[in-house]
Structures are given as structure tokens and as C-alpha cells.
Amino acid sequence: MNSIIDIADSLINSIAELSEFENVEFIKAYDTSAYNPRRDGITAVVDVENIERTDGYITRLYKIDRYGDVYSAKLSVKLYGGSDISGESLTSVSLNLKNAVNVCDNHEFITKSKISPIIYESGTNAVYREISFNIEYVLCEAVV
Numbered sequence: 010m011n012s013i014i015d016i017a018d019s020l021i022n023s024i025a026e027l028s029e030f031e032n033v034e035f036i037k038a039y040d041t042s043a044y045n046p047r048r049d050g051i052t053a054v055v056d057v058e059n060i061e062r063t064d065g066y067i068t069r070l071y072k073i074d075r076y077g078d079v080y081s082a083k084l085s086v087k088l089y090g091g092s093d094i095s096g097e098s099l100t101s102v103s104l105n106l107k108n109a110v111n112v113c114d115n116h117e118f119i120t121k122s123k124i125s126p127i128i129y130e131s132g133t134n135a136v137y138r139e140i141s142f143n144i145e146y147v148l149c150e151a152v153v
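Letter by letter, the sequence shown follows residues 10 to 153 in our numbering.
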């Protein structure tokens with residue numbers, strides 16, 4: 010894996026295949042320009058935000074002759090509840106999703122995660138909880 014999109018796709022695809030999330034519709038906001046949460050059930054809108062380079066040209070990552078940059082990013086999952094979803098259900102799914110992503114992070118990219126309170130979004134007339142993950146990763150950029 011060499012980009013934040015690859016990391017995000019890997020994590021979300023692993024979660025979407027779990028049976029406990031079979032009723033959750035996953036939408037990748039970085040692939041689509043518009044989304045509309047379902048009126049029933051749960052929709053998880055995944056987005057990558059705040060990408061920044063935190064360290065430049067660190068050496069000896071994998072081999073002596075490789076140099077790379079360390080980046081950090083925020084992976085955001087907005088978990089929207091439809092009209093048939095209670096606040097308790099939304100909270101339960103949020104906790105399960107946060108724990109599942111942390112477990113599926115085999116390469117230990119995630120440095121921090123949190124869940125927001127329930128928020129009302131007037132544009133979609135829906136409520137959601139945001140689960141966010143801080144991710145650190147390295148892009149190899151030069152071989153000398």
C-alpha cells in the first residue's frame with residue numbers, strides 16, 4: 010500500500026465484508042461527488058480529510074537506499090441513521106465499527122480514533138455520528 014486511498018479502501022473493504030455490517034451501505038465520498046443517506050437503515054459515508062506531510066525524507070525505512078515522507082491523514086466515517094434507526098442503535102453500530110476498523114488495521118496505520126456525539130444535518134435531514142481515525146503512513150519517494 011502506498012497511498013491514503015489504498016489504506017482507506019483496504020480498511021473499509023475489510024469491514025464491509027463482515028456479517029455484522031451487512032445492513033450498512035458504505036459510500037466512499039472520495040469516489041463520488043454527491044451522496045444521499047438512505048431514509049431507512051444505516052449509511053456509512055467514508056471520506057479522507059486533512060492530509061499533510063509531517064516528516065520529510067526519512068531514511069532506512071525498508072532498505073538503506075530508500076527515502077520517504079511521513080504523512081498523516083484523517084479517515085472520517087459518517088454513520089447516518091435512517092428514520093427507523095434509534096439513537097441507541099446508531100451508537101451501538103458506531104462502537105462496533107470503530108472497534109472493527111481498529112482490529113482490521115493489521116499494519117498499525119491508526120494512531121488515534123474517536124466517535125462524535127449524535128449530530129443533526131439539516132441538508133440531508135438526517136442524524137449521524139462521525140467516527141474518525143488519525144492515520145500515519147509513509148510514501149517512498151526516492152531510491153538512491
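Note that beta-carbon positions come from the ideal geometry of N, C-alpha and C, so glycine has one too. All values derive from a computational prediction rather than experimental measurement.
*Which value, in whole angstroms, describes the spacing of the CA atoms of residue 14 and residue 97?*
31 Å
*Name the one or two DSSP bridge partners that residue 78 has.*
148
_Residues bridged to residue 56 [DSSP beta-bridge criterion]_ = 85
*Report the partner residues of residue 138 according to the DSSP bridge assignment.*
88
_Quick check on DSSP: helix, strand or coil for residue 21?_
helix
*Could you give the DSSP three-state label for residue 61: helix, strand or coil?*
strand
*Which full runs of the alpha helix (DSSP H) of 4+ residues lie inside the segment 89-135, going along the chain?*
96-113
*To the nearest whole angstrom, what separates the beta carbons of residue 148 and residue 30, a pair I think is in contact under 8 Å?*
With a Cβ gap of about 30 Å, residue 148 and residue 30 do not count as contacting.
_Spatial distance of residue 200 from residue 90 (CA atoms)_ = Residue numbering for the chain in the displayed model covers 10 to 153; residue 200 lies beyond these limits and cannot be assessed.
*Applying the criterion that 16 or more other CB atoms from any shown protein chain within 10 Å of the CB defines a buried residue, is residue 137 buried or exposed?*
buried
*Find out if the Cβ-Cβ distance for the pair residue 86, residue 140 is shorter than 8 Å.*
yes
*Under 8 Å, do residue 81 and residue 52 count as touching if we go by C-beta distance?*
no
*Cβ-Cβ separation, residue 101 to residue 124 (assumed contact under 8 Å), whole Å*: Not really, about 11 Å apart at Cβ, beyond 8 Å.
*Are residue 113 and residue 12 closer than 8 Å when you measure CB to CB?*
no
*Taking just the CA atoms, how far does residue 93 sit from residue 59?*
33 Å
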